[in-house]
Every structure is written in structure tokens, then in C-alpha cells.
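Scroll down for the structure; my scribbles are underneath it.
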Ligand code: GLA
């Protein structure tokens, strides 16, 4: 491949578009019917070879078969019987589009292909973006109603507008990796053989969801952490979504995905445009580890707003106090937290309105007089004086019926007037798609930040949407997309107006973590489940796509409130040190020895923080008898290894942990134990982790390269 190959190119004569990243290439070709069809996605090939690739043939010469060539965005016309990425209805009842290619624009790393319906005033632009320092390809779609033409001036109903369709080359078999779970059990990694069927991953909740995350990876069933080709994609959307993976009976696999779930529509009026979120794709040749590393790098370079800032060691009072907050109680915890080395103090739920439990007060964002008779400023000032930043929990999208806000604006909630509204956690969802609600929320949060000198918002959302309607609006389904866009917009405005502000994404734990949310937040609250054993699995799944610096992890009390399991403080710390460390226990009940040990472990964390938060993460073992994660500095000199063994078994010493990312030619010193190792031994044979005896054993090993 010539070194000068541009990142994106389009050859109008051959109808060939090529996108190049440092280690992959993506190509598509215009079909004679005018629609762009997928050609290749994988290891680099040169353009002449791509041009010579045959079009995918039909599997059989039969009038019953699907048109074999894969659409970049499948409309609902022609011999296409798979999942459609575009589903439109015109005012006269006609369904589906038929394209005519009308041009392209290639500009730097961006390519746009313009398609127009042959008869109707509908235009689609398929958009692609590549960057010189990432193998991730970003794709999205823009759909425009071109206004009255040919006498057709009615609205166009968009039942589905996907961001992109993806396809792997033909593989001998197909395996799907994806994340499933629920509240308290998010990010459980599954690797399932893909059935010959359509497999739908979706959220119908108005939130990204605990139960599925819009990330997936496909391989041939043989890839492992270090080897094998992996094709993976992630959707940058924080509301409902759908990805349909289709493996057909003759061995082809592709998937199409975007925002929205089945049964919701968007009415596009003349002159209007609807654009989708980005659906990003990544090809890697060296296993799931390389795939995750490349995603982490992409997030750091192109998604997270301030990746270079250290995530502070935070203290959050939720598990300590629940709703029972008061100025005196919070001050006591703040002083203890500062003593441990915390850098941020977050006041959680219960500080506002009449909020003594979850039945009232949501929506009334002024300090609760009984808890904070002097307002929040004395607490914020003292937290600042103690050398910490001040953070505040908010749940701006929600309202209790028992609140001043609901009494004043009952019409602001997501609600169908002819249905009973389901309350979950005694709350309803505010319709942020309404401009007046969006501006109220922005104003309220902006005032809070200014008046209480807030450095950090924990932005929560504790229920999905139900009976989602918008009374009196001609196109009520707009609320699904409009709400999420408004949440993103408010966060963007707050960050722009308060440059120091940081935001933590939360939705009952990890219910809204995606590339759209992480583009305007610094980290995500991974799960309300803070049990360290459960967390090992949750963190393993989270790390498939998201970097450790975005993974909030707290040390809480033992026995754990969620599972009742008792674990040593050191084990709890070592698990939480694998992400952005926080403390969430009731410090006022910790014995002095625990406080002293915690202070020592916080200091240890700060030593390895540059590696955990800004280095490169390597997963060493899947969660099992022993799990381990390795963080390396970018120059390869410093390393931290966290090893956890939840349960012990007589006669089964832990196997040595191999560190394949080290340099076999180098030498490494463990400065804490004064031991030196040959790199070759660490790479090929492994290190005996210095685990103490017993259950819930863990260790931190630091290694420093000594030879150069
Ligand atoms: C959600 C969050 C918790 C806590 C509570 C407060 O469940 O995930 O961390 O903030 O809400 O009500």
C-alpha cells in the first residue's frame, strides 16, 4: 500500500470508497442500483486489490433469495429480506426508499455519500470518519425531507433510521461477545455462538440500560485475549437503541444498529433533517485485549472530555447515610474522608426539597431546611477548606408526585393522558424534549453549581420510561430521541459554562454508560453493587470497551450491604484500585486500624494512579479462581499488577500470572519486595503472585524496568 494513501477516498468511475486507519481498511462499492454496498473490512489491502474484489454473489440462482450484497444502510425495497436499517413511510402509504447516488464529499478524514430517492423528496447521507491515530471508524446517517417535489409534500414517517450496518468477512463460524446484566449486576460479559437467526440487542427503556450495552464483538469463535481477529462496534447513544445481528444460513453475518426501539417513529416534515448518533466500529487482529486497548485509546483521544485530568479519589456518603443526611453528619464524614486522602467529597441523595426518603422531593433542588438549615454553603466551604472538591448528587430528569415541581407542572412529565402512569421508585420522568423543561433543568443546575460552588455533579436517573407520551404534541414519539439529546445538550452547556466542572454518569449504577454519555462525563458509576467479588466480573465486562479512568469503584463497608459478604479491607481496596478509586463506607464506624490502613492504601493508589488512569490496561486472566489486571505506563517503564483470589482451595496454589505485554529482553524490579525478574520469565512463565493465605486474598505488585 503506498504510504501516501489518503485516509478516505472515493473513485467515482469505479464507485469505490476506501477508508484507511493505521491498521485496518474499510471499503464499499456502489451497486448498479445506486446503493452503497459493503465490500471489505479487515487488515489493510491496497486500493487496486480492493477494486478487483468480486461483488458478493447471490447464494443461489433463485427468486426466493436475498440480494446477497450487503447494504451500508438497507432500505425496505428490492430483494432485501433481512433487518432494514431504514424504514420510512410516505404520506400515501408507500414504504421504503429506492436510491439514486447523487454525489460524495471526501474531506480530510470524513466521507459523505449522498443518496436520493428516485421519486420522493428524501435524501440520505451516509457519513464516515476516520482519524490518523485510531483504528475506530465512526459512522452515522443524516436523513432530509427535501420539501415539496413531484407534488409530494406530506410528512415522511421514519420508523427506523440506523446509524450504520456492519459486516465481517465470511468466517468459518461466528461468536458474539456482548454485555448483559441488570441492576447490581451490570456488564456481565457473554460469549455466545451466534445462532443462524436474527439476534436483537436492545433497550426499550429510554436509557442505555443495565440489561444490555450497545457494544458487541464478533469473532470466529477462536479469538482469545492475545490472538485472533475481532470486529467490534459501539453506539454513542444514551437512550433506547436496537442492534440486530443477522447470521444467515449460508454463512454471512452482519448487523445494523442505531437509536430508538421497535414501534417508535419520527415524523419528518418538509425541510427537516434527522441525524443519528455515531455507531463506531473497530477491527483488530490481535485478540480481545488489543480490541479493548484500541477502544480505550480511542475514548481517551476522541471521546472523553478531559482524559488528561486525574480522577480524584472521592468519598460519597450514600452507603453511609442513605437519605439521613445533615450538615453535622456530612461534616463529620468529610473530615474523616479528608484524613484518608480523599480529594472530592460528594453529598448524595436526600439533601433537597422534602427528601427524607424516595417518596417526595425529587424536582425541588433547594437545600432541605431540616438537614441544611444554613444551606449547603457552609458544608461546601468546609469541604474546600479541607482541601477537597465539593460534589453534589442530582437526578434532574425525575420528579416525585409529592414535590412542588410536580404540583406546579404536572404536564411536564412523560405521560399518556389515557393511560395510568406507572411509578417506579415513586417517581416519574420529566419530558426533557419539551424546550421549557430543558431550559428549567439547565437553569436549575447552573444556579446550583454557582450558588453552592459545586465542582462535581453525580447525574443520576433511577427509572426507565413507561407510558411514554407527550400530550398535545403532533409527533409524541419525538420525546424518546429529544429527551436524550436534551440531556447531552445540558451537560455540554454546563461544562462549557463551568470549565472546571466534572460530571459522573449514573443511572441506578451503570444503567447509562455509552460513548454518548462518556463524551460529556468524566466517569461512570459502574454499579450500585459494591461487593468486591461481584465487582471483579462487572469490571471485567466494563473494561471490554471503557477505560479504567472512567470506571468509578468504591470501597464500602463489610459485610457488603448488597450481598452480605464480609471481605477484608485490603481486598476491597485492591479491587477498587483497578479503576477510579472512591470510598463509600460509613467512616464514622470504621475502627482506627481500618482508617489507618485505608489511608495507607489511598496513598498506594495515588502512586499507581498514573498507570491505572493514564496507562495501558492488560487483562491477564478472565474472572476465575484468580483474576489479574496489569497497567503499564506508556513508556513501558512502570507497571502495576493487581491480583485477586476470592476463594482458596487446598493443594491448588495459584498458577503463575504471565505478563505478555512486558519486554522479554528487559529486567524488572519489584521495589516493594526488592526482587528482580527477567522479562522473559515474566512474559513466558509468569510471576507467583504474593497472595496471603485464605479467602479474599489480593496483592498489588509494582514493577519498574531497570535495564534502560
Ligand atoms: C442510585 C445511585 C446510587 C445512589 C442512589 C440515591 O441508586 O446509583 O449510587 O446515588 O441512587 O438515591
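In the working numbering, the protein residues as written are 4 to 711. Beta carbons are placed, not taken as given, at the ideal position from N, Cα and C, and that holds for glycine.
When DSSP labels each residue in this structure, what does residue 284 get in the three-state scheme? Assigned with DSSP and collapsed to three states, residue 284 falls in strand.
Starting from the Cα of residue 176, find the closest Cα among 186, 224, 192 and give me that residue. It is 224 whose Cα lies nearest to the Cα of residue 176.
Is the beta carbon of residue 511 within less than 7 Å of some heavy atom of ligand 1? Taking 7 Å as the cut-off, the C-beta of residue 511 counts as close to a heavy atom of ligand 1.
Candidates 683, 563, 569, 340: closest to residue 599 by CA position: The shortest C-alpha separation from residue 599 is found at 340.
Cutoff 7 Å; reference residue 305; Cβ partners in own chain excluding five residues on either side: Taking C-beta separations shorter than 7 Å and ignoring five residues to either side along the sequence, the partners of residue 305 in its chain run 134, 137, following chain order.
Can you tell me which of the three DSSP states residue 613 falls into? Residue state for residue 613 is assigned as helix, using DSSP reduced to three classes.
Is the stretch 554-566 touching the stretch 577-592 in the sense that three or more CB pairs, one from each, lie closer than 8 Å? Counting Cβ pairs under 8 Å, three or more are found: they touch.
Assign residue 476 to one of three DSSP states: helix, strand, or coil. Three-state result, residue 476: coil.
Bounding residues of the beta strand (DSSP E) (the contiguous stretch that carries residue 39): Element bounds for residue 39: 39-45.
Provide the residue span of the alpha helix (DSSP H) that contains residue 443, from first to last. According to the DSSP assignment, residue 443 belongs to the alpha helix (DSSP H) that extends over 438-454.
Is residue 465 near ligand 1, with its Cβ less than 7 Å from a heavy atom? In this structure, ligand 1 has a non-hydrogen atom nearer than 7 Å to the beta-carbon of residue 465.
Just the Cα atoms here: how many angstroms apart are residue 669 and residue 686? About 10 Å.
Proximity test, residue 195 beta-carbon vs ligand 1 heavy atom, cut-off 7 Å: The answer is no for residue 195.
Hey, out of 57, 113, 178, 201, whose CA is closest to residue 85's CA? When C-alpha distances from residue 85 are compared across 57, 113, 178, 201, the shortest belongs to 201.
For residue 528, is the beta carbon positioned less than 7 Å from some heavy atom of ligand 1? At least one heavy atom of ligand 1 is nearer than 7 Å to the Cβ of residue 528, so yes.
Taking 8 Å as the threshold (C-beta atoms), are residue 190 and residue 233 in contact? Not closer than 8 Å, so no.
CA-to-CA distance, residue 265 to residue 31, given in whole angstroms: Their Cα atoms are separated by approximately 28 Å.
Cβ of residue 405 versus every heavy atom of ligand 1: is any distance shorter than 7 Å? It does not: the Cβ of residue 405 is nowhere closer than 7 Å to a heavy atom of ligand 1.
DSSP has residue 520 in a bridge; who is on the other side? For residue 520, which the question treats as bridged, DSSP gives no partner whatsoever.
May I ask which residues mark the beginning and end of the beta strand (DSSP E) holding residue 12? First-last of the beta strand (DSSP E) with residue 12: 11-14.
Roughly how many whole angstroms lie between the Cα atoms of residue 634 and residue 617? Straight-line Cα distance between these residues: approximately 9 Å.
Applying the criterion that 16 or more other CB atoms from any shown protein chain within 10 Å of the CB defines a buried residue, is residue 388 buried or exposed? For residue 388, the number of other beta carbons within 10 angstroms of its own is below 16, and it is reported as exposed.
Grab me the residues of residue 642's own chain with a C-beta within less than 6 Å of its C-beta, minus the 5 sequence neighbours each way, in chain order. Only 635, 706 meet the Cβ criterion.
Does the distance from the CB of residue 406 to the CB of residue 366 come in under 8 Å? Result yes, Cβ atoms of residue 406 and residue 366 sit closer than 8 Å.
Span of the alpha helix (DSSP H) around residue 409: Per DSSP, residue 409 belongs to the alpha helix (DSSP H) from 407-411.
Element boundaries [beta strand (DSSP E), containing residue 689]: Careful: residue 689 lies outside any beta strand (DSSP E) and carries neither H nor E.
Measuring straight from C-alpha to C-alpha, what distance separates residue 300 and residue 612? If you draw a straight line from the Cα of residue 300 to the Cα of residue 612, it is about 17 Å long.
For residue 653, count the other beta carbons within 10 Å of its own beta carbon; 16 or more makes it buried, fewer makes it exposed. Which is it? Classification of residue 653: exposed, given that the 10 Å Cβ count is below 16.
Roughly how many angstroms lie between the CA atoms of residue 334 and residue 328, to the nearest whole one? Pairing residue 334 with residue 328, the inter-Cα distance amounts to about 10 Å.
Verify whether the separation of the beta carbon atoms of residue 103 and residue 115 is less than 8 Å. Against a cut-off of 8 Å, the Cβ pair of residue 115 and residue 103 comes out as no contact.
Cα-Cα separation, residue 331 to residue 337: If you take the alpha carbons of residue 331 and residue 337, they lie about 10 Å apart.
Limits of the beta strand (DSSP E) - the one that residue 507 falls within: That run of the beta strand (DSSP E) goes 505-508.
At a threshold of 7 Å, does residue 321 count as lining ligand 1 (C-beta to nearest heavy atom)? It does: the Cβ of residue 321 is within 7 Å (strictly closer) of some heavy atom of ligand 1.
Count the other C-beta atoms from every protein chain shown that fall within 10 angstroms of the C-beta of residue 247, then say buried if there are 16 or more, exposed otherwise. With 16 or more other Cβ atoms within 10 Å, it is buried.
Please report the Cβ distance between residue 486 and residue 436, rounded to the nearest whole angstrom; I am assuming they are in contact, meaning their Cβ atoms lie under 8 Å. Under the criterion of beta carbons closer than 8 Å, residue 486 and residue 436 qualify as touching, at roughly 5 Å.
Tell me whether residue 396, by its Cβ, gets closer than 7 Å to a heavy atom of ligand 1. Residue side-chain check: residue 396 places its Cβ nearer than 7 Å to a non-hydrogen atom of ligand 1.
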